[in-house]
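So for the sequence shown, this note's numbering puts the first residue at 338; every next one is plus one. Ideal Cβ placement from N, Cα and C applies to all residues, glycine included.
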Amino acid sequence: MNEYDSDCLGQQLMNYGLAATDNHENADLIIINTCTVRAKAQQKAFSLIGRMMSIKKRKPDVILGVMGCIAQQEGSDLLKKFPDIDLVLGTREIGSTPQLLDRITKGKEKIVATDLSIKPIPRERHDGYFRNSIKSYISIMEGCNNFCSYCIVPYVRGREVSRSSKEIMEEAKSLVSQGIKEITLLGQNVNSYSFTEREDVDFPMLLRMLSGLDGLNRIRFTTSHPKDLSDDLISCFKELSVLCPHIHLPFQSGSDRILRMMNRGYSREQYIELIAKLRDIRPDFAITSDVMVGFPGESDKDFQMTIDLIKKIEFDNLFSFKYSDRKGTFSENMDKKVDEHEKSSRLSILQSIQKEITLKRNIKHIGKEEEVLVEGESKKGGQLTGRNETNKIVNFYSDIKLTGSLVRVYIKHAFINSLQGTLIKGH
Ligand code: SAM
Ligand code: SF4
338 MNEYDSDCLG QQLMNYGLAA TDNHENADLI IINTCTVRAK AQQKAFSLIG RMMSIKKRKP
398 DVILGVMGCI AQQEGSDLLK KFPDIDLVLG TREIGSTPQL LDRITKGKEK IVATDLSIKP
458 IPRERHDGYF RNSIKSYISI MEGCNNFCSY CIVPYVRGRE VSRSSKEIME EAKSLVSQGI
518 KEITLLGQNV NSYSFTERED VDFPMLLRML SGLDGLNRIR FTTSHPKDLS DDLISCFKEL
578 SVLCPHIHLP FQSGSDRILR MMNRGYSREQ YIELIAKLRD IRPDFAITSD VMVGFPGESD
638 KDFQMTIDLI KKIEFDNLFS FKYSDRKGTF SENMDKKVDE HEKSSRLSIL QSIQKEITLK
698 RNIKHIGKEE EVLVEGESKK GGQLTGRNET NKIVNFYSDI KLTGSLVRVY IKHAFINSLQ
758 GTLIKGH
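What follows is the structure, given as structure tokens:
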């Protein structure tokens with residue numbers, strides 16, 4: 338979501354007449370996009386803001402801004418902590434950046450724009466911004482109504498607001514015309530998308546509309562909530578060939594007691610049933626997820642339930658986190674906080690078990706012919722890299738001219754983070 342927001346800002350700034358620089362020392366305008374979902378992300382952002390302040394001290398004409406969830410959460414307090422900041426840009430106000438910059442340059446004033454009660458201000462696009470890209474994001478809804486007890490998102494991204502299908506289709510068409518082959522639809526709770534103002538479009542309907550777009554090879558979406566994963570949405574995976582057989586479906590905990598305390602709205606059994614329905618469509622359907630250790634009151638037995646679920650489901654990959662208190666959330670005031678040392682130990686047990694499972698799942702691809710969307714040269718160089726339908730990185734030797742095309746690759750080797758294969762010619 339932050340990458341998408343940064344790209345929206347980048348497009349508006351280009352329309353405003355600015356050009357990007359690779360070196361922040363040369364910049365006239367620096368805007369730092371921030372995340373506050375976990376304590377660690379916030380610490381990183383604060384330290385980056387501190388470093389950028391030193392540039393401003395040397396070059397007072399530089400305009401320094403902070404956007405994203407920390408900007409939204411801290412508002413004018415951020416100016417007290419970091420007095421050299423010129424602009425605090427809330428999550429719903431990104432669309433008004435050009436007007437705010439005008440005010441800052443003309444009036445030499447500092448601005449805090451953090452109104453969360455407004456609908457997100459529409460953002461201008463810059464045609465050609467994505468010309469050298471293969472894949473891109475579209476945010477289809479903002480905010481969240483779920484109030485999971487640990488989560489800051491509803492407080493910094495506001496209540497759910499879905500964009501109209503017309504706006505989304507226009508953005509998708511513009512991306513495809515620039516050469517984009519794969520679009521990932523974004524939302525804090527993407528599958529509760531529902532636009533009811535002038536039309537009645539839900540998430541499966543939107544997927545069906547997008548799947549008819551000429552030139553678009555692949556659609557993905559993230560992040561889905563288990564309680565909103567309807568049978569109609571599951572059937573889209575059978576019906577729509579452009580919809581990739583992969584879902585990121587956070588489960589957070591394998592213990593029903595903890596799930597209730599988290600206010601997640603589903604049980605362990607219900608989660609297992611959803612995965613069974615997805616794997617019924619294709620046994621190699623890829624499932625990735627988010628999980629947390631050390632939620633207040635999490636006992637060793639609860640943690641073992643989480644490990645048991647991980648072994649049962651065999652996720653393709655997991656993003657795993659140590660719980661951290663977030664200001665103003667319900668769980669901040671829960672008692673029986675888990676000791677930091679215990680959280681670290683649980684996280685490392687969990688991660689080492691998942692590593693083995695990830696490798697096991699990747700090994701299952703060996704000997705298969707898979708469709709790969711080529712993204713360019715691999716990180717280490719020498720090979721081409723791309724992703725298969727299940728979102729796994731596939732490296733293989735071939736000509737860089739294949740970048741942007743869909744090819745078939747015979748998978749020969751599997752590692753924790755990637756697969757390796759040979760190009761099947763003539764497809
Ligand atoms: N909307 C998604 C969902 O419902 O699963 C998750 C979005 S959240 C921004 C991304 C992930 O951060 C969550 O799935 C959760 O695992 C993790 N997370 C959120 N709050 C956290 C906290 N207070 N401490 C640690 N991890 C947290
Ligand atoms: Fe946060 Fe996701 Fe829960 Fe919304 S559904 S409160 S974004 S964890």
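- When DSSP assignments are scanned along the segment 614–698, the uninterrupted stretches of alpha helix (DSSP H) that are 4 or more residues long and fall wholly within it turn out to be 637–650.
- Taking a C-beta distance under 7 Å as the contact criterion, Arg496 and Pro457 do not qualify as a contact pair.
- Contact between Thr451 and Val425 holds, since their C-beta atoms are separated by about 6 Å, short of 8 Å.
- The beta carbon of Ala509 lies closer than 8 Å to those of Ile475, Ile520, Leu547, Leu550, Leu553 in the same chain, with the five residues before and after it left out.
- For ligand 1, no non-hydrogen atom lies closer than 6 Å to the CB of Phe532.
- Residue environment for Gly427: buried (at least 16 other C-beta atoms within 10 angstroms of its C-beta).
- For Thr740, the secondary structure class from DSSP, reduced to helix, strand or coil, is coil.
- With respect to the C-alpha of Ile595, the residue from Gln641, Leu580, Lys614 having the closest C-alpha is Gln641.
- Residue pairing of Glu706 in beta bridges, as defined by DSSP: Tyr747.
- For the segment 452–497, the full-length beta strand (DSSP E) segments reaching 3 residues or more read 472–476 along the chain.
- Contact between Ser592 and Thr643 is confirmed by a C-beta separation of about 6 Å, below the 8 Å threshold.
- Shown here, Gly713 sits in a strand according to DSSP, grouped into three states.
- Leu696 counts as exposed, since fewer than 16 other beta carbons sit within 10 angstroms of its beta carbon.
- Distances taken from the Cβ of Val527 to the heavy atoms of ligand 2 include none shorter than 6 Å.
- With 16 or more other Cβ atoms from the protein chains shown falling within 10 Å of its own Cβ, Ile584 counts as buried.
- Per DSSP, reduced to three states, the secondary structure at Ala408 is helical.
- If one requires a minimum length of 4 residues, the alpha helix (DSSP H) runs lying completely within the segment 381–427 are 406–411, 414–418, in chain order.
- Scanning its chain for C-beta atoms nearer than 7 Å, with the 5 sequence neighbours on each side dropped, one finds around Lys749 the residues Ile703, Gln757, Gly758, Thr759, in chain order.
- Contact between Asp421 and Lys394 is confirmed by a C-beta separation of about 7 Å, below the 8 Å threshold.
- When Cβ pairs closer than 8 Å are counted between the two stretches, the segment 659–674 is seen to touch the segment 624–632, the count reaching three or more.
- Under the three-state reduction of DSSP output, Asp539 falls in the strand class.
- When DSSP assignments are scanned along the segment 526–592, the uninterrupted stretches of alpha helix (DSSP H) that are 4 or more residues long and fall wholly within it turn out to be 540–548, 568–576.
- Boundaries of the alpha helix (DSSP H) harbouring Thr442: 434–444, taken from the DSSP string.
- Listed as beta-bridge partners of Ala450 by DSSP are Leu426.
- By DSSP's assignment, Val374 forms no beta bridge with any residue.
- Bridge pairing for Asn732: Thr722, Gln757 [DSSP].
- Rounded to whole angstroms, the gap between the alpha carbons of Leu401 and Ile407 is 15 Å.
- Listed in chain order, the non-local C-beta contacts of Asn352 below 8 Å within the same chain comprise Pro435, Glu461, His463, local neighbours out to five positions each way being set aside.
- Counting the other Cβ atoms within 10 Å of the Cβ of Ile753 gives fewer than 16, which makes it exposed.
- Counting every other CB atom within 10 Å of its CB across the protein chains shown gives Ala357 a total below 16, marking it as exposed.
- When secondary structure is reduced to three states using DSSP, Ile517 falls in the coil class, being assigned neither helix nor strand.
- Looking only at Phe558, His562, Ile517, Met506, the smallest Cα-Cα distance to Val538 is reached by Met506.
- At a Cβ-Cβ threshold of 7 Å, Asp653 and Ile624 count as neighbours.
- The continuous stretches of alpha helix (DSSP H) do not include Asp359, and DSSP gives it neither H nor E.
- In the structure shown, the three-state DSSP call for Leu355 is coil.
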